[in-house]
Amino acid sequence: MNDLAQRVPTMDDDDDFPEIEPIEEPDENGEEEPGKKGDRPTSVEERLLKNRTILIYGPIDMNVAMDVTKRLLVMDGESHDEIRIFINSPGGHVESGDTIYDMIRFVQSPVKIIGTGWVASAGALIYAAADLENRYSLPNTRFLLHQPAGGATGQASDIAIEAQEIIKMRRRLNEIFARQTGQSIEKVEEDTDRNFWMSAAQAKEYGLVGHIVDSADQI
1 MNDLAQRVPT MDDDDDFPEI EPIEEPDENG EEEPGKKGDR PTSVEERLLK
51 NRTILIYGPI DMNVAMDVTK RLLVMDGESH DEIRIFINSP GGHVESGDTI
101 YDMIRFVQSP VKIIGTGWVA SAGALIYAAA DLENRYSLPN TRFLLHQPAG
151 GATGQASDIA IEAQEIIKMR RRLNEIFARQ TGQSIEKVEE DTDRNFWMSA
201 AQAKEYGLVG HIVDSADQI
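Under this note's numbering, the residues of the sequence shown are numbered 1 to 219, in order.
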């Protein structure tokens, strides 16, 4: 299982954000000319962008953080209409999770986030970025909160420094979850001392999930 403190190397992201080509206007007879771009079926990426929907599936790393940041900024730049994020993640790199968390709260567009599958570790941090009324979960989603773990090696002094940073990180994350769930910091610290699994119903009772839904028209 991925943990919050896993270190993921920064990689160059060579994938440009998908450009949306304008649909060609029909001619005077209401028909498009053969070979025009309007004949091409709209891609999934284009549909997601048009519908202001972002998918976060899999481990969280710097590439995922960059991709989500680009999409949020593009959508927010176009309008301040609602943005929807679907997340299914085992967690990953904590700083990448921090980036996505902060960007969700940075943009002016309201963000609704829908948990599916499992939402764990750094994934749960991202999920908590939305306001409670904008946090949705499908019925079979599971949630995991836990403390970050370190894997420092080297000189004793370096290990000691890393240990102190892990303690600071844990405190900061616990404060976020306490603030976003309404739980006391003491309870969050106790709960996250070990892997803390919750069903969708338990996460709703805990204050992490706002709504449990089983159809799109409930969002």
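Ideal Cβ positions, reconstructed from N, Cα and C, are used throughout, including at glycine.
Quick one: what does DSSP say threonine 53 is sitting in, helix, strand or coil?
strand
In the DSSP output, which residue or residues are listed as bridge partners for arginine 135?
Ile113
DSSP three-state label for aspartate 214, please.
coil
DSSP on valine 119, reduced to helix/strand/coil?
strand
According to DSSP, is leucine 144 helix, strand or coil?
strand
Kindly confirm or deny that the segment 88 to 105 and the segment 118 to 134 touch, where touching means at least three C-beta pairs closer than 8 Å.
yes
Which residue's Cα is closest to the Cα of proline 59: Ile100, Arg84, Arg52 and Asp76?
Ile100
Contact the segment 204 to 216 vs the segment 128 to 138: 3+ CB pairs below 8 Å
yes
Please report how far the alpha carbon of glutamine 108 lies from the alpha carbon of threonine 53, in whole angstroms.
15 Å
Kindly give me the distance between the Cβ atoms of leucine 125 and tryptophan 197, rounded to whole angstroms, as I take these residues to be in contact under 8 Å.
Incorrect: roughly 16 Å between the Cβ atoms, too far for contact.
Identify, in the order they occur along the chain, each residue of the same chain with its Cβ nearer than 8 Å to the Cβ of lysine 204, setting aside the five sequence neighbours on each side.
Ser137, Gly210, His211 and Ile212
Just to confirm, are valine 64 and isoleucine 56 a CB contact at a threshold of 8 Å?
yes
Residue range of the unbroken beta strand (DSSP E) whose run includes serine 199:
196 to 199
Cβ-based neighbour list, asparagine 195, same chain, cut-off 7 Å, excluding 5 preceding and 5 following:
Leu144 and His146
May I ask you to report which of helix, strand or coil DSSP gives isoleucine 185?
helix
Taking threonine 181 as the reference, give the member of Ala129, Arg171, Arg170 and Arg142 with the closest Cα.
Ala129
Using the rule of at least 16 other Cβ atoms within 10 Å of the residue's Cβ for burial, across every protein chain shown, is isoleucine 85 buried or exposed?
buried
Nonlocal neighbours in the same chain, by C-beta distance under 7 Å from glycine 30, ignoring five residues either side:
Annotation note: pLDDT 48 at glycine 30 (below 50); position unreliable, coordinate value reported separately. Contacts found: none.
Going by DSSP, which residues form a beta bridge with asparagine 88?
Tyr57
Note the first and the last residue of the continuous alpha helix (DSSP H) segment covering aspartate 67.
62 to 78
Would DSSP call isoleucine 83 helix, strand or coil?
strand
Coarse secondary structure for serine 43, derived from DSSP in three states:
coil
Member of Pro148, Tyr127 and Arg71 whose CA lies at the smallest distance from the CA of glutamate 189:
Pro148
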